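Take the sequence shown: its letters are residues -26 to -1, 1 to 341, numbered as in mature numbering (1 follows the signal peptide of the UniProt record, and there is no 0). All C-beta atoms, glycine included, are put in the ideal place defined by N, C-alpha and C. Just so you know, these numbers come straight off a predicted model, no measurement behind them. Read the structure below first, then the notes.
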Amino acid sequence: MTISRRAFISSSLMLPLGLSSVRSFADTPAISKMRQFVINGNMVIGPEFGEPFDDETKAQLEKTGLTAFKLSLGGSRGSYEEVHEVLDSLPEIYASNPDTLMHINSASDLQRAYDTRRTGIIYSFEAATMLGERVERVEEFANRGVRIMQLGYNHTSPFGAGVMSTDGPLGLSKLGYAVIKQMEENEVLLDLSHAHELTADEALKTSSKPVSMTHTGCYEINPHQRNKSNKTLRATADSGGIVGIYEMSYLTADLEQQSLEAFMAHIKHALKICGEDHVGIGSDTPVLGFDTGPQSMAQWNEINRQRKETGVAAPGEGPPPYVVGINGPHKMAVISEELNARGVAPAVIDKIIGNNFARVLSDTLPA
């Protein structure tokens, strides 16, 4: 789930739900501190982020408790020029909301977001189309504040195979090795969420820094291309990295809105395989919740149609990106409560809700 400049400026698909009855983050008993690192590894913003927040939007964002979230730029096929346009436009959201939002470009920025009670946005790429075959563009985009990058989307890129690749070499290409080196030299976190298992295996073996799967699921729970095998999950943890569990329709084999039980099953399995220091949340949902109204659903269905028509959709796409029961700004609070109800220790919940992502970002981003 990503945004383009057009979507950022004019789309009405991703809108806040206005859940006025949800509890504030600080009221949640599973949260051990009034304000801790709360980081989501993949989220989407709607048009409300393109203008000064009204009081209601500020209140909803405050309810999220978010210290920071990762935002994907350029979609699945964004060009070099398009991504630069997006980067040119994004400073407007901070100028419009200086006391509420900030850009995260370093570990110190993350700490500053925490200290000033603002929500930070971490720029990332899900595709490699904006890089073309030019590995030097990693440095160019890192200098513009893009701090998390993938090797490609669902299909094969110049750097390696994606989760839906079936033909040709399925591992890391020669350029792939070079681009990983560029990422490490420029303090960019490698994200393998959309990488083929062989690509991920070779990337994990060559990387000398922590690696992320910012938004994925567990293949053993549901054998889907976008979910990761125990081997890949374990190798990601062994790198010192992190696995963020998403809310996508790939949690189960049923083409239906995903349940909280299914979501929790993936988190618990990831904890078993990766350990408590390497699991987080990477929802791949709108920050303030997915609007389930008729207009929004019609737009969502059209996006699905276009993705299937162009061949970028993974099997099983269809239901909107949210888990029943956590669709709204209360998401991280409810996840905390549900983990607590399942016997997860408060200190471990703190790690899952944000401390693990904070550690990995501190280990890989500029100081």
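Under the three-state DSSP convention, the category residue i falls into
i: I13; result: strand
i: D175; result: helix
i: M187; result: strand
i: N201; result: strand
i: I253; result: Per the sequence shown, the amino acid found at residue 253 is Val instead of Ile. Of the three classes helix, strand and coil, the one that applies to V253 here is strand, per DSSP.
i: T331; result: The sequence given here has Phe at residue 331, not Thr. Three-state result, F331: helix.
i: S6; result: The pLDDT assigned to S6 is 43, lower than 50, so where the model puts this residue is not dependable; a value taken from the coordinates is nonetheless given after this. S6: coil per DSSP, three-state reduction.
i: G39; result: coil
i: S46; result: strand
i: W274; result: helix
i: I300; result: coil
i: A315; result: helix
i: Q231; result: coil
i: D337; result: helix
i: D324; result: helix
i: A152; result: helix
i: A287; result: coil
i: I309; result: helix
i: V217; result: strand
Those residues which DSSP pairs with residue i across a bridge
i: M76; result: G94
i: V162; result: BP columns for V162 are empty, so no partner.
i: M123; result: F99 and L164
i: S134; result: The sequence as given places Gly at residue 134; Ser does not occur at that position. Answer is S131 and L146.
i: L260; result: Sequence inspection shows Pro at residue 260; the Leu mentioned does not correspond to that position. Paired residues: V18.
Check whether residue i and residue j have beta carbons under 8 Å apart
i: A209; j: V162; result: no
i: A244; j: V217; result: yes
i: F331; j: G254; result: yes
i: S46; j: F99; result: yes
i: S203; j: E171; result: yes
i: Y127; j: E221; result: no
i: M306; j: T38; result: yes
i: E311; j: L234; result: no
i: M104; j: V57; result: yes
i: P303; j: Q34; result: yes
i: G136; j: A169; result: yes
i: V153; j: V112; result: yes
i: H189; j: N16; result: yes
Residue from the options whose Cα sits closest to the Cα of residue i
i: P293; options: C248, D265, F27 and G15; result: D265
i: A69; options: L47, P26 and D89; result: P26
i: K44; options: T31, R51, N79 and N71; result: N79
i: K282; options: M138, S181, I195 and C248; result: M138
i: P143; options: E159, E114, E158 and E176; result: E176
i: A211; options: R86, M187 and I95; result: M187
i: I326; options: M271, H240, P340 and A287; result: H240
i: A42; options: A341, V18 and L178; result: V18
i: L164; options: S147, E171, S182 and L172; result: S182
i: K205; options: L178, L35 and S98; result: L178
i: T226; options: I247, P260 and G191; result: G191
i: P197; options: E59, R86, D28 and G290; result: G290
i: residue 344; options: K148, Q280, E22 and V318; result: The shown model of the chain, from -26 to 341, leaves out residue 344, and the question about it has no answer.
i: E194; options: I247, L229 and Q231; result: I247
i: T140; options: V109, D83 and Q199; result: Q199
i: A288; options: E22, I67 and H129; result: H129
i: N71; options: D62, D29, V109 and D83; result: D29
i: F237; options: E276, L262, G299 and V261; result: G299
8 Å contact criterion, which residue i and residue j should meet: CB distance rounded
i: V185; j: L166; result: 6 Å
i: A101; j: G49; result: 7 Å
i: T93; j: L40; result: 5 Å
i: Y54; j: G106; result: 6 Å
i: N14; j: S257; result: 6 Å
i: L335; j: A81; result: 6 Å
Check: residue i C-beta below 7 Å from any heavy atom of the ligand HEM
i: K202; result: Judged by which ligands are present, the structure shown has none, so any question about the ligand HEM falls away.
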